[in-house]
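Residue numbers (our numbering): 11 to 237. Glycine included, each C-beta is placed from N, C-alpha and C at the ideal position. Have a look at the structure below before the remarks.
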Amino acid sequence: MDLLCHRCGNSLHEGEGFCPHCGAPQLVVDASEASGPQPPTQRLGVDPTRVQWRKAITSALLIAVPVGLLSAWAGDFLVWLLLEVTGGFATIALYRKRSEGMTDGRIGWLVGTLLGVAAAAIASATNSVQLIVQRYLLHRGASIDAQFQTVGQQMAEQMLKTNSEAMQQAPQVVHAWASFWLSPDGHAAIELITVGVMSAGIILFAATGGAIAGRILSARPRPQRTL
Numbered sequence: 011m012d013l014l015c016h017r018c019g020n021s022l023h024e025g026e027g028f029c030p031h032c033g034a035p036q037l038v039v040d041a042s043e044a045s046g047p048q049p050p051t052q053r054l055g056v057d058p059t060r061v062q063w064r065k066a067i068t069s070a071l072l073i074a075v076p077v078g079l080l081s082a083w084a085g086d087f088l089v090w091l092l093l094e095v096t097g098g099f100a101t102i103a104l105y106r107k108r109s110e111g112m113t114d115g116r117i118g119w120l121v122g123t124l125l126g127v128a129a130a131a132i133a134s135a136t137n138s139v140q141l142i143v144q145r146y147l148l149h150r151g152a153s154i155d156a157q158f159q160t161v162g163q164q165m166a167e168q169m170l171k172t173n174s175e176a177m178q179q180a181p182q183v184v185h186a187w188a189s190f191w192l193s194p195d196g197h198a199a200i201e202l203i204t205v206g207v208m209s210a211g212i213i214l215f216a217a218t219g220g221a222i223a224g225r226i227l228s229a230r231p232r233p234q235r236t237l
């Protein structure tokens, strides 16, 4: 087969590196090398060491709904604690399954914190709805006020006991603070403190569960997806 110049189309002799008519360089590519095995392509835009936030948010919200509802109804502290840690673990397992990234303690802590924030918001909203239903629909306002009154009385007595020196210097101020916990505003403050402490606990323990899951699951090989 005659060799032709790729620029001017004139005939060439075998082995000539340049066309004697136009001077264009002649590059020869071995077809066997060109058709050899190609290196595997890597998907662009995905960093396995960074959090894939869209899938992390989706995973956290799916687990946050049952965790938040059960947290509002859990009466035992150990059950409540186990629920938050287990929820963090489940969120990381779901995120690892849905994403193409890796997990470690840092990623687990971040995604677990995301779960805790969502679950705390759901638990707080559930507690508020429960109070409204019990007070206005079930007409249990008297029992609710009695519970707040008991807690306020305990806080007032504790304040008077722990501020004996202040009682001698400014008894009116101490008595005013003690009376505050027995007032409706004090009852509202007690509820806000309770919700705040509960929310902080949910976030902390959910993040801890996520960090533990991230460390444990990082040592396990990821299942290969088949096309």
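When the options are compared against residue i, the one with the closest alpha-carbon
i	options	result
residue 74	85, 62, 94 and 24	94
residue 165	199, 138, 136 and 214	199
residue 137	124, 83 and 64	83
residue 212	18, 194, 163 and 89	89
residue 227	34, 20, 30 and 118	118
residue 196	220, 163 and 171	163
residue 67	28, 108 and 158	108
residue 219	186, 204 and 91	91
residue 155	204, 194 and 104	194
residue 167	148, 64 and 189	189
residue 204	110, 99 and 130	130
residue 64	144, 110 and 150	110
residue 225	85, 99 and 29	99
residue 81	140, 104 and 103	140
8 Å Cβ cutoff met for residue i and residue j
i	j	result
residue 128	residue 202	no
residue 97	residue 132	no
residue 61	residue 121	yes
residue 15	residue 22	yes
residue 209	residue 134	yes
residue 115	residue 221	yes
Integer-rounded CB distance, given that residue j should sit under 8 Å from residue i
i	j	result
residue 216	residue 126	3 Å
residue 192	residue 157	About 13 Å separates the two Cβ atoms, so there is no contact after all.
residue 101	residue 69	5 Å
Assigned exposure category for residue i - 16 Cβ within 10 Å defines buried
i	result
residue 146	exposed
residue 87	exposed
residue 106	buried
residue 124	buried
residue 27	exposed
residue 19	exposed
residue 34	exposed
residue 171	exposed
residue 235	Only weak support is given to the placement of residue 235: the predicted model assigns it a pLDDT of 49, under 50, and the question is left unresolved by the model.
*Secondary structure, alpha helix (DSSP H): runs of 4+ residues fully inside the stretch 58-89*: As far as the stretch 58-89 is concerned, its whole alpha helix (DSSP H) runs of at least 4 residues are 63-83.
*In chain order, each alpha helix (DSSP H) run of at least 4 residues that lies wholly inside the stretch 98-182*: Counting whole runs of 4 or more residues, the stretch 98-182 contains the alpha helix (DSSP H) stretches 115-142, 151-172 and 174-179.
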